[in-house]
Each structure stands twice: as structure tokens, then as C-alpha cells.
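> Sequence lines, in order, name chains A and B.
Going by the working numbering, the letters in the first sequence line up with residues 1 to 42, in that order.
Going by the working numbering, the letters in the second sequence line up with residues 1001 to 1353, in that order.
My questions will all concern the structure given below.
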Amino acid sequence: STVVLVFQAQAPKSSNEEDSSPEFNFCVKRGDRIRVGEALGR
Amino acid sequence: FSSASNGGGGNPFLMPGATVATILMLGALHVRRMYNDKKIEEARERGIELEFQPDAKAAFMRLLPLRPISRLWGSMTSVELPVWLRPHVYRAWARAFHSNLEEAAFPLEGYASLQEFFVRTLKEGSRPIDPDPQCLVSPVDGTILRFGELKGVRPMIDQVKGFSYSVSALLGASSFLPLITEGSVHEGSSEEDKTPTEKSKKTSWRISLASPKVQDPVSVSPVTGLFYCVIYLKPGDYHRVHSPVDWSVLVRRHFSGHLLPLNERATRTISNLYVENERVVLEGAWQGGLMAMAAIGATNVGSIKLFTEPDLRTNQPIRKSLHVQQPEERIYEPEGVGMMIKKGNEVAAFNMG
Chain A
1 STVVLVFQAQ APKSSNEEDS SPEFNFCVKR GDRIRVGEAL GR
Chain B
1001 FSSASNGGGG NPFLMPGATV ATILMLGALH VRRMYNDKKI EEARERGIEL
1051 EFQPDAKAAF MRLLPLRPIS RLWGSMTSVE LPVWLRPHVY RAWARAFHSN
1101 LEEAAFPLEG YASLQEFFVR TLKEGSRPID PDPQCLVSPV DGTILRFGEL
1151 KGVRPMIDQV KGFSYSVSAL LGASSFLPLI TEGSVHEGSS EEDKTPTEKS
1201 KKTSWRISLA SPKVQDPVSV SPVTGLFYCV IYLKPGDYHR VHSPVDWSVL
1251 VRRHFSGHLL PLNERATRTI SNLYVENERV VLEGAWQGGL MAMAAIGATN
1301 VGSIKLFTEP DLRTNQPIRK SLHVQQPEER IYEPEGVGMM IKKGNEVAAF
1351 NMG
């Protein structure tokens, strides 16, 4: 079985910004073993 | 054996000969499989990715009655085992598939069947949840297959090098794409008192095209800031699905598809695995925007139980043709608000059969 996550990660824009910028950094790499609750990214 | 040895006219060496030959053949196939797996592992360590290469075995898989096979497997594994036998069976399973028995919430004798053991809960504290509110956590135990940022009007995800599938096909025809990105992200002053999560929930709901009957689009442009992660669960992994963030689930889609295997060999040789297999998709919103999670079943793990919707039945006998994949969709009430799920909470579980 497989789980696929698809998500937006837009930082909230401040009043002087035109567009919110995507800000998400993965902290895993391909082949990593991961467990429930461990960070995928921030 | 007895008829041969009693001089019934048969060849006394036929049965033992056939048995030995079968064992030798299975042994040779197993050795070949181990050799191939080792070559793939070595290639991966060198940074080489094997490309999509369909073969005859993959074509043959599509001809098999995988759904009945899966349901039969489920029936077999749901048989209640004698109490004295249970620890032996589950230890053998754990040894074969590298499960950690120390984490099981209950003594092995307490799991009446292999199916019950497979969907076991874990001891409290076995899976601490990263408390950082900016952090998105893994919803499952498993192996990271792929991840990254999605771009373009029709974003695609690589199943394997040389073959990709569309996000819209995975999640549902009109999900996510195209998104409205102009003039709708932030409300006026009346929204300022709300928390960021409440703001993004409401605005994200308004910009989502999860279902045509939900809302009317205002304007369209290519999606931005969209990311994905694909996680594979091995047979020995903990098979419950947890929430990766605090979010509101707005829509549930159930695709009754095939039940092709999802192991590494299958992903390299069978096309459209993730968009043809039976799966349940939850779609909604979190503080960063839209969120969707697809739980995809396979032959040996064919059913998906949703704790948010216990009556949902998956891996049912299918009578209609599977050629046209139309999901069965349900919008969670109240419409526009959905069902709140906290980060780390159990959402679903995969099970055998």
C-alpha cells in the first residue's frame, strides 16, 4: 500500500506583499525510512 | 504415494520426483529474485534509477482476478487462530517482514487472527508527533519514494523514471487544478480577527475546485506552492494512517479500481498503478492552503478503513466494468467547514483483503 500527500504550502502574506511565496523545505530524502509523527518538512 | 507403493501400476518415483523438482524450481526462482533485488539496491546506492520497463509478467498481472484473490487472502487471514499458535505465527510474520513486535499494544495472544495483528495499534508513546506547528509530519510508517514541488498547469508525479501520472487523475478529475489564485487569498477587515488557520480554511475552501457543485470558479491560473510526497508501506510496517497536520477534511472520494501490487517491481513495470488502483482520497485545507491525502490499496492489502467514516466499504466485489473510473464522492458537513482533524490523530487503516 502507498500514501500520497499533495499539499500547498503558502506563507501568509503581509500587507506590503503582492503574492504569498511558497515556503516549504523537505527534511527527508528518497529511500529514507520514516515513521508516523516524524517531520517530512517545514 | 500409497497407490504407487501398493503396486497400483503407477511410477513410484513420479510423486517424489515432481516434489523435488518443484522445490528446486522455487528455490532457483527465489535465488534469482534475491540476485535481482541486490542489483537494484546496488544501483540505487550508486544513484542510478532504473527506468520504466513493462514486461510480459506485468501484462499477465492485469489478466489475473486480483480482487477475488485479494478477498480470498483477506478471508484466509481473518481465520481465528488457536491461542497457542498465535505467537508463533506472528513472530514468523515479524521475522519475514521485519516488524517490531515490542511496539504492539497488546500481547501476541490477544490478536485472534493475522488480519487483526496486521492492523494492530502501537503502545502509547511509540510514535511521538513533532509539535512544531510549521512542521508537516509523516502520516504513515514507510519508505520515502518520491517528493518535491509540483509545477505547471497539469502537474505530474513520476511513478518511476520514464513514466508519470497526473495529480488530477490521482485525486479526482477537478481537484486542486486549476486553482483560483487571484484576488481571493485574503479577505477584508472582517477576517482580521480570525486565526490564520480559520482564514486559510475559509479562503482555501473558496479557492478549491474539489467538486463543480461546490463552487463556481472566478479566474484560473497555474498552481503555485504545491508539493507532494509518496510513501510506500512494506508488509511489515505499521499500517495505520495518521493526520500529517491540523486540517479540515472537506471531501472524501473513493475510487473502486484495480488491486495491482504496489511493490518496487510493479512500479517499474506496470503503468498507471496509483491512478488505477482502488484508493480513498481525503481533500481539505490546512494553514498552508490545500491538503490532500490518497491512501492506495494493493493486492495483499486491499481494504482501507476510514475512521472518519466507518460505514465506507472498500474492496467490494465489482460487477461493473472498471474501465471508466468515476469516484464516489462525499462532502463532509457542515459544507465549507468539513471535519476537523488534529495532527497525529488516526484517520484510516489499511487491512488485508
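Think of the CB as a built atom: it goes at the ideal place given N, C-alpha and C, for glycine as much as any other residue.
Nothing here was measured: the structure is a model prediction, and the numbers come from that model.
Would you say B:I1180 faces chain A, with C-beta separation under 8 Å as the test?
Caution is warranted here: a pLDDT of 35 is assigned to B:I1180, below 50, making its placement in the model unreliable, and the coordinate value is therefore given only provisionally. Answer no: the Cβ-Cβ gap between B:I1180 and chain A never drops below 8 Å.
> Run through DSSP, which three-state label would B:S1184 get?
Reliability of the predicted coordinates at B:S1184 is poor, the pLDDT of 30 falling under 50, and the value obtained from them is presented with this limitation in mind. Here B:S1184 sits in coil by DSSP.
> Using the DSSP secondary-structure output, state which residues sit across from B:K1161 in a beta bridge.
For B:K1161, which the question treats as bridged, DSSP gives the partners B:E1051.
> Starting from the Cα of B:E1124, find the closest Cα among B:E1103, B:F1163 and B:L1259 and give me that residue.
Cα-wise, what sits closest to B:E1124 is B:E1103.
> For B:K1342, which option in B:V1137, B:I1157 and B:T1314 has the closest C-alpha, if you only look at C-alpha atoms?
Here the closest residue by C-alpha is B:V1137.
> Could you name the residues of the same chain whose beta carbon sits closer than 7 Å to that of B:D1237, not counting the 5 residues immediately before and after it, in chain order?
Correct list, in chain order: D1141 and G1142.
> Considering B:S1228, what are the terminal residues of the beta strand (DSSP E) in which it resides?
With the sequence shown as reference, residue 1228 of chain B is identified as Tyr, and Ser is not the correct amino acid for it. Element bounds for B:Y1228: L1226 to Y1232.
> Residues bridged to B:G1289 by DSSP?
BP columns for B:G1289 point to B:W1286.
> Just to confirm, are A:A9 and A:F24 a CB contact at a threshold of 8 Å?
Cβ distance < 8 Å, so A:A9 and A:F24 count as in contact.
> Measure the beta-carbon distance from B:L1273 to B:T1299 and round it to whole angstroms, keeping in mind my assumption that it falls under 8 Å.
No, B:L1273 and B:T1299 are not in contact; Cβ-Cβ is about 11 Å, not under 8 Å.
> Using a Cβ-Cβ cutoff of less than 6 Å, which residues in the same chain neighbour B:N1036 once the five nearest sequence positions on both sides are dropped?
Closer than 6 Å at the Cβ level, and outside the excluded window around B:N1036, lies no residue.
> Is B:D1158 near the ligand PLP, judged by its Cβ being under 7 Å from some heavy atom?
As presented, the structure is devoid of all ligands, the ligand PLP included, so that no description of it is given.
> Note down, in chain order, all residues in the segment 1123-1141 of chain B with a beta-carbon under 7 Å from any beta-carbon belonging to chain A.
Hits within the stretch, in order: R1127, P1128, I1129, D1130, D1132, Q1134, C1135, L1136, V1137, S1138, P1139, V1140 and D1141.
> Measure the C-alpha to C-alpha separation of B:W1084 and B:R1120 and round it to an integer number of angstroms.
Looking at the two C-alpha atoms, the distance is approximately 19 Å.
> Strictly below 9 Å CB to CB, what residues from chain A border B:A1295?
Within chain A, the residues near B:A1295 are S1, T2, V3 and V4.
> Provide the residue span of the alpha helix (DSSP H) that contains B:R1268, from first to last.
Run containing B:R1268: E1264 to T1269, per the alpha helix (DSSP H) assignment.
> With respect to the alpha helix (DSSP H) encompassing B:T1077, which residues constitute its N-terminal and C-terminal limits?
L1066 to T1077 is the span of the alpha helix (DSSP H), which, as asked, contains B:T1077.
> Cβ atoms of B:L1150 and B:F1052: under 8 Å apart, would you say?
No; because the gap between Cβ atoms is not below 8 Å, this pair is not in contact.
> Find the nearest neighbour of B:V1281 within the set B:F1147, B:P1139, B:L1171 and B:S1248, judged by alpha-carbon distance.
Of B:F1147, B:P1139, B:L1171 and B:S1248, the residue nearest in Cα terms is B:L1171.
> Determine whether the beta carbon atoms of B:R1279 and B:A1294 lie at a separation below 8 Å.
In this structure, B:A1294 lies closer than 8 Å to B:R1279 by Cβ.
> Taking all protein chains shown into account, do 16 or more other C-beta atoms lie within 10 angstroms of the C-beta of B:E1283, making it buried, or fewer, making it exposed?
Its Cβ being crowded by 16 or more others within 10 Å, B:E1283 is buried.
> Please say whether B:L1072 and B:S1113 have beta carbons closer to each other than 8 Å?
No. Outside cutoff.
> The beta strand (DSSP E) that contains B:R1240, what's its start and end?
Where B:R1240 is concerned, the enclosing beta strand (DSSP E) stretches over R1240 to H1242.
> Mind checking B:Q1326: buried by the 16 CB within 10 Å criterion, or exposed?
Looking at its Cβ environment, which holds fewer than 16 other Cβ atoms inside 10 Å, B:Q1326 is exposed.
> How would you call B:M1352, buried or exposed, if buried means at least 16 neighbouring beta carbons within 10 angstroms?
With 16 or more Cβ atoms within 10 Å of its Cβ, B:M1352 is classed as buried.
> Identify, in the order they occur along the chain, each residue of the same chain with its Cβ nearer than 7 Å to the Cβ of B:D1158, setting aside the five sequence neighbours on each side.
R1146 and S1164, listed in sequence order.
> By the 10 Å Cβ neighbour count, where 16 or more other Cβ atoms means buried, how is B:G1338 classified, buried or exposed?
Per the 10 Å Cβ criterion, buried.
> Within the 8 Å Cβ cut-off, does B:M1291 reach chain A?
At least one chain A Cβ lies under 8 Å of B:M1291.
> With distances taken Cα to Cα, identify the nearest neighbour of B:K1234 among B:D1130, B:P1317, B:N1345 and B:I1296.
Checking every option, the nearest Cα to that of B:K1234 belongs to B:I1296.
> Identify the contact partners of B:A1298 in chain A, using a Cβ-Cβ distance below 8 Å as the criterion.
Residues of chain A passing the Cβ test: S1 and T2.
> Is B:Q1115 buried or exposed, if buried means 16 or more other CB atoms sit within 10 Å of its CB?
So B:Q1115 ends up on the buried side.
> Can you give the Cα-Cα distance for B:F1255 and B:R1127, rounded to whole angstroms?
Distance between the alpha carbons of B:F1255 and B:R1127 is about 30 Å.
> Please state whether the Cβ-Cβ distance between B:P1139 and B:S1243 is less than 8 Å.
Their beta carbons are under 8 Å apart, which means B:P1139 touches B:S1243 by this criterion.
> Compute the beta-carbon to beta-carbon distance between B:A1348 and B:I1304, rounded to the nearest angstrom, for a pair I have assumed lies under 8 Å.
Yes, B:A1348 and B:I1304 are in contact; Cβ-Cβ is about 6 Å, under 8 Å.
> Select from the segment 1242-1264 of chain B all residues with a C-beta closer than 7 Å to any C-beta belonging to chain A, and list them in chain order.
Hits within the stretch, in order: H1242, P1244 and L1262.
> Using a Cβ-Cβ cut-off of 8 Å, state whether B:G1288 counts as contacting chain A.
True, the Cβ-Cβ gap to chain A drops below 8 Å.
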